[in-house]
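Just so you know, the sequences run in chain order A and S.
All letters in the first sequence, in the order written, are residues 13 to 113 by this note's numbering.
All letters in the second sequence, in the order written, are residues 34 to 479 by this note's numbering.
Each residue gets a CB set at the ideal place from its N, CA and C atoms; glycine is no exception.
Notes for the one structure printed next.
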Amino acid sequence: MNLERLPNEEKLGLCRKYYLCGFACLPFLWLVNVVWFFREAFRKPAYTEQTQMKTYVKRSALGLLFWFTVLTTWITIFQHFRAQWGAVGDYLSFTIPLGTP
Amino acid sequence: MSYIVSTAALGLTDGGGSRGNDSSPEQNGQAPTAHPQVVENEEDEDEEMTLKYGAKHVIMLFVPVTLCMVVVVATIKSVGFYTKNDGQRLIYTPFPEETDTVAQRAVNSILNATIMITVIIVMTLVLVLLYKYRCYKVIQGWLFLSSLLLLFFFSYIYLKEVFKTYNVAMDYFTLAIIVWNFGVVGMMCIHWKGPLRLQQAYLIMISALMALVFIKYLPEWTAWLILAVISVYDLLAVLCPKGPLRILVETAQERNEPIFPALIYSSTMVWLVNMADIERPNRNSAEVGLPQQNTHGAVASPAPASPSPDDGGFTSTWINQQQHQLGPLQSTEETRREIQQMPSARPPVEDDDEERGVKLGLGDFIFYSMLVGKASATASEDWNTTLACFVAILIGLCLTLLLLAIFKKALPALPISIFFGLVFYFATDNLVRPFMDKLALHQFYV
Numbered sequence: 013m014n015l016e017r018l019p020n021e022e023k024l025g026l027c028r029k030y031y032l033c034g035f036a037c038l039p040f041l042w043l044v045n046v047v048w049f050f051r052e053a054f055r056k057p058a059y060t061e062q063t064q065m066k067t068y069v070k071r072s073a074l075g076l077l078f079w080f081t082v083l084t085t086w087i088t089i090f091q092h093f094r095a096q097w098g099a100v101g102d103y104l105s106f107t108i109p110l111g112t113p
Numbered sequence: 034m035s036y037i038v039s040t041a042a043l044g045l046t047d048g049g050g051s052r053g054n055d056s057s058p059e060q061n062g063q064a065p066t067a068h069p070q071v072v073e074n075e076e077d078e079d080e081e082m083t084l085k086y087g088a089k090h091v092i093m094l095f096v097p098v099t100l101c102m103v104v105v106v107a108t109i110k111s112v113g114f115y116t117k118n119d120g121q122r123l124i125y126t127p128f129p130e131e132t133d134t135v136a137q138r139a140v141n142s143i144l145n146a147t148i149m150i151t152v153i154i155v156m157t158l159v160l161v162l163l164y165k166y167r168c169y170k171v172i173q174g175w176l177f178l179s180s181l182l183l184l185f186f187f188s189y190i191y192l193k194e195v196f197k198t199y200n201v202a203m204d205y206f207t208l209a210i211i212v213w214n215f216g217v218v219g220m221m222c223i224h225w226k227g228p229l230r231l232q233q234a235y236l237i238m239i240s241a242l243m244a245l246v247f248i249k250y251l252p253e254w255t256a257w258l259i260l261a262v263i264s265v266y267d268l269l270a271v272l273c274p275k276g277p278l279r280i281l282v283e284t285a286q287e288r289n290e291p292i293f294p295a296l297i298y299s300s301t302m303v304w305l306v307n308m309a310d311i312e313r314p315n316r317n318s319a320e321v322g323l324p325q326q327n328t329h330g331a332v333a334s335p336a337p338a339s340p341s342p343d344d345g346g347f348t349s350t351w352i353n354q355q356q357h358q359l360g361p362l363q364s365t366e367e368t369r370r371e372i373q374q375m376p377s378a379r380p381p382v383e384d385d386d387e388e389r390g391v392k393l394g395l396g397d398f399i400f401y402s403m404l405v406g407k408a409s410a411t412a413s414e415d416w417n418t419t420l421a422c423f424v425a426i427l428i429g430l431c432l433t434l435l436l437l438a439i440f441k442k443a444l445p446a447l448p449i450s451i452f453f454g455l456v457f458y459f460a461t462d463n464l465v466r467p468f469m470d471k472l473a474l475h476q477f478y479v
């Protein structure tokens, strides 16, 4: 899919759909949105739909940042305290490493 | 099974008129004057185009094929799961290969290969029939489910094995997030719209996943036999006048519709940038015209908006093979094969740039990677054999693309590469290795 050949309304529509779908716990989708539409929204000369696109990209970036912090905190906590949590830690674990922690 | 289709070639052979402009860019500004001159110039243009077209596209296909093979080989070497023999087999290869005598093993592997091929042929025919009778919804649903299963289930298994190998703890929450994101974005990129690079990356990843499944669940001799027989089948199915794939291509061409967003990797290239600009007014009118056509015609264009040839699907039905753990298998490999075998979409008029790309079916990726993966898994002389097979496949791919540029019609991509690959594998494994060992033993440097 080449963005170059889409008319502006379709680009905006696409950006918007990516933004909205990202709310379904899909930070990756927001990342794709930001990376893909960054040049369209910020580097290209202005056109009518661009302001709207900018808001979408910015909000996607914010959402991405939020998820990133949540995930990193959770992962750090989990990896650090997993052994100490005993049974609960095992229950939460998908793979349990061998050997002593 | 898979096509290499030169979209430009298809364009050149089919929709004559609209293509006419493409082949003679310098004449866009002029009125179509003296006919002989135009024809002659067009011919020169065609020849030039062929040559330019060939070299760049070869390189553009090298990269994804190499990446896929690298992923498969890296996984095989590091994650033990895929080379471990669990005693599990696919439902399609019921005969075990751990038999007492060599003869029994040979017979078993031949039987396995026969069953597999029969299943594939049947599924191809089913697919062609479905397509002929316009049961597009069925096919689309099938593809969708297959890709769903592949993107979620197989990647889950893959992640589990990788984490186990590297002894990393992972909790369900993070895992769920990862798999969910990977799967949903994959579905969107492949079946709907997404950035080209991401779509290509996803197609490579699922081809690698599928190849890994094959490597794990097909016993040795069966695997080699299947590779050989599938190449022959591919050759027949694509080139014979009554071959199912040929019928499929022709039907699609008659109906003037793009063939599925299925399982095709497209290496699009913005080649004629000037053309793009010049063509813009044409294209816009073509765009306007096309949606109307789409609503009129019985064409259920799989992609909702634009029948972009970039929509690769996946040969995901293979996933179902995993289901021997879960229950009866349904449409599996065959479906996939068929899907793979489906030639690439003929590009719509508007996608001028994309038409210059070469399309390679995902099945090709899968079988190339499977060959190289098997070679690295089972060969005694580790990297020599793997590299030899890798080089052989790339050479085969070059030759196939060359033939494509010459013949300008859909060609099977498997036979040459697989043939070379097999020859190199067996030769290297059985001839070169002892030779190198002897040389090293006697400290004789050649």
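Element boundaries [beta strand (DSSP E), containing residue i]
{"i": "Leu-393 of chain S", "result": "391 to 394"}
{"i": "Tyr-298 of chain S", "result": "297 to 300"}
Same chain only: Cβ atoms within 6 Å of residue i, ignoring 5 sequence neighbours per side
{"i": "Pro-39 of chain A", "result": "Leu-76 and Trp-79"}
{"i": "Phe-412 of chain S", "result": "One detail in the question is off: residue 412 of chain S reads as Ala in this sequence, not Phe. Only Thr-418 and Asp-462 meet the Cβ criterion."}
{"i": "Arg-138 of chain S", "result": "Glu-130 and Thr-132"}
{"i": "Phe-128 of chain S", "result": "Asn-141, Leu-144 and Asn-145"}
First through last residue of the alpha helix (DSSP H) which encompasses residue i
{"i": "Phe-106 of chain A", "result": "That residue, Phe-106 of chain A, is in no alpha helix (DSSP H); its beta strand (DSSP E) goes 105 to 107."}
{"i": "Met-243 of chain S", "result": "229 to 250"}
{"i": "Phe-475 of chain S", "result": "It is His, not Phe, that sits at residue 475 of chain S in the sequence shown. Element bounds for His-475 of chain S: n/a, residue is neither H nor E."}
{"i": "Leu-160 of chain S", "result": "135 to 165"}
{"i": "Asn-417 of chain S", "result": "415 to 440"}
{"i": "Cys-27 of chain A", "result": "20 to 33"}
{"i": "Gln-174 of chain A", "result": "With chain A running from 13 to 113 in the structure shown, residue 174 of chain A is simply not present."}
{"i": "Glu-290 of chain S", "result": "First-last for Glu-290 of chain S: undefined, no H or E at that position."}
{"i": "Thr-198 of chain S", "result": "188 to 198"}
{"i": "Ser-219 of chain S", "result": "The sequence given here places Gly at residue 219 of chain S; Ser does not occur at that position. Its alpha helix (DSSP H) spans residues 205 to 224."}
{"i": "Asn-45 of chain A", "result": "39 to 50"}
{"i": "Gly-174 of chain S", "result": "169 to 182"}
{"i": "Ile-263 of chain S", "result": "253 to 272"}
Own chain partners of residue i with C-beta closer than 8 Å, once the 5 adjacent residues on each side are dropped
{"i": "Val-497 of chain S", "result": "There is no way to answer for residue 497 of chain S, as the model of chain S reaches only from 34 to 479."}
{"i": "Lys-165 of chain S", "result": "Ile-280 and Thr-284"}
{"i": "Ile-109 of chain S", "result": "Tyr-115, Thr-116, Leu-245, Ile-248, Gly-406, Ser-409 and Ala-410"}
Proximity of residue i and residue j at Cβ, strictly below 8 Å
{"i": "Leu-436 of chain S", "j": "Leu-430 of chain S", "result": "no"}
{"i": "Ile-108 of chain A", "j": "Thr-207 of chain S", "result": "no"}
{"i": "Lys-441 of chain S", "j": "Ile-297 of chain S", "result": "no"}
{"i": "Ser-240 of chain S", "j": "Ile-451 of chain S", "result": "no"}
{"i": "Phe-398 of chain S", "j": "Val-98 of chain S", "result": "yes"}
{"i": "Ser-402 of chain S", "j": "Ala-244 of chain S", "result": "yes"}
{"i": "Asn-45 of chain A", "j": "Tyr-30 of chain A", "result": "yes"}
{"i": "Thr-488 of chain S", "j": "Met-149 of chain S", "result": "No information on residue 488 of chain S is available, as it lies outside the stretch 34 to 479 that chain S covers here."}
{"i": "Ile-223 of chain S", "j": "Leu-236 of chain S", "result": "yes"}
{"i": "Thr-255 of chain S", "j": "Ser-142 of chain S", "result": "yes"}
{"i": "Leu-447 of chain S", "j": "Asp-267 of chain S", "result": "yes"}
{"i": "Thr-157 of chain S", "j": "Ala-270 of chain S", "result": "yes"}
Through-space distance from residue j to residue i, alpha-carbon basis
{"i": "Gln-358 of chain S", "j": "Lys-193 of chain S", "result": "Note on Gln-358 of chain S: pLDDT 34, under 50, position unreliable in the model; no value is reported."}
{"i": "Gly-120 of chain S", "j": "Pro-252 of chain S", "result": "10 Å"}
{"i": "Gly-346 of chain S", "j": "Phe-468 of chain S", "result": "Only weak support is given to the placement of Gly-346 of chain S: the predicted model assigns it a pLDDT of 33, under 50, and the value that follows is read from those uncertain coordinates. So the two alpha carbons sit approximately 45 Å from each other."}
{"i": "Thr-284 of chain S", "j": "Met-93 of chain S", "result": "29 Å"}
{"i": "His-92 of chain A", "j": "Phe-457 of chain S", "result": "50 Å"}
{"i": "Glu-300 of chain S", "j": "Arg-94 of chain A", "result": "Before going on, a small fix: residue 300 of chain S reads as Ser here, not Glu. Spanning the two alpha carbons is a distance of roughly 45 Å."}
{"i": "Pro-277 of chain S", "j": "Val-161 of chain S", "result": "6 Å"}
{"i": "Tyr-103 of chain A", "j": "Val-96 of chain S", "result": "42 Å"}
{"i": "Leu-242 of chain S", "j": "Tyr-191 of chain S", "result": "8 Å"}
{"i": "Gly-101 of chain A", "j": "Gly-111 of chain A", "result": "15 Å"}
{"i": "Gly-195 of chain A", "j": "Tyr-189 of chain S", "result": "Given that chain A is displayed from residue 13 to residue 113, the structure contains no residue 195 of chain A and the question cannot be resolved."}
{"i": "Met-216 of chain S", "j": "Ile-210 of chain S", "result": "Sequence check: residue 216 of chain S is Gly here, not Met. Rounded to whole angstroms, Gly-216 of chain S to Ile-210 of chain S spans 10 Å at the Cα level."}
Own chain partners of residue i with C-beta closer than 7 Å, once the 5 adjacent residues on each side are dropped
{"i": "Gly-227 of chain S", "result": "Met-221"}
{"i": "Val-112 of chain S", "result": "Glu-194, Val-195 and Thr-198"}
{"i": "Asp-34 of chain A", "result": "Rather than Asp, the amino acid found at residue 34 of chain A in this sequence is Gly. Correct list, in chain order: Leu-41, Trp-42, Asn-45, Ser-72 and Gly-75."}
> Listed in chain order, which residues of the region 83 to 113 of chain A have Cβ atoms closer than 8 Å to some Cβ of chain S?
Replying inline: Hits within the stretch, in order: Leu-83, Trp-86, Ile-87, Phe-90, Gln-91, Arg-94, Leu-104, Ser-105, Phe-106, Thr-107, Ile-108, Pro-109, Leu-110 and Gly-111.
> At a Cβ cut of 8 Å, what residues of the region 182 to 210 of chain S count as close to chain A, listed as they run along the chain?
Replying inline: Taking 8 Å as the Cβ-Cβ cut-off against chain A, the residues of the region 182 to 210 of chain S that qualify are Lys-193, Phe-196, Lys-197, Asn-200, Val-201, Ala-202, Met-203, Asp-204, Tyr-205, Phe-206, Thr-207, Leu-208 and Ile-210.
> When Cβ atoms are compared, which residues of the region 52 to 70 of chain A fall closer than 7 Å to chain S?
Replying inline: Taking 7 Å as the cut-off between beta carbons, none of the residues of the region 52 to 70 of chain A comes near chain S.
> Of the residues that make up the region 390 to 402 of chain S, which ones have a beta carbon closer than 7 Å to any beta carbon in chain A?
Replying inline: Cβ contacts with chain A: none found.
> Which residues, in order along the region 23 to 36 of chain A, keep a beta-carbon less than 7 Å from a beta-carbon of chain S?
Replying inline: Correct list: Leu-26.
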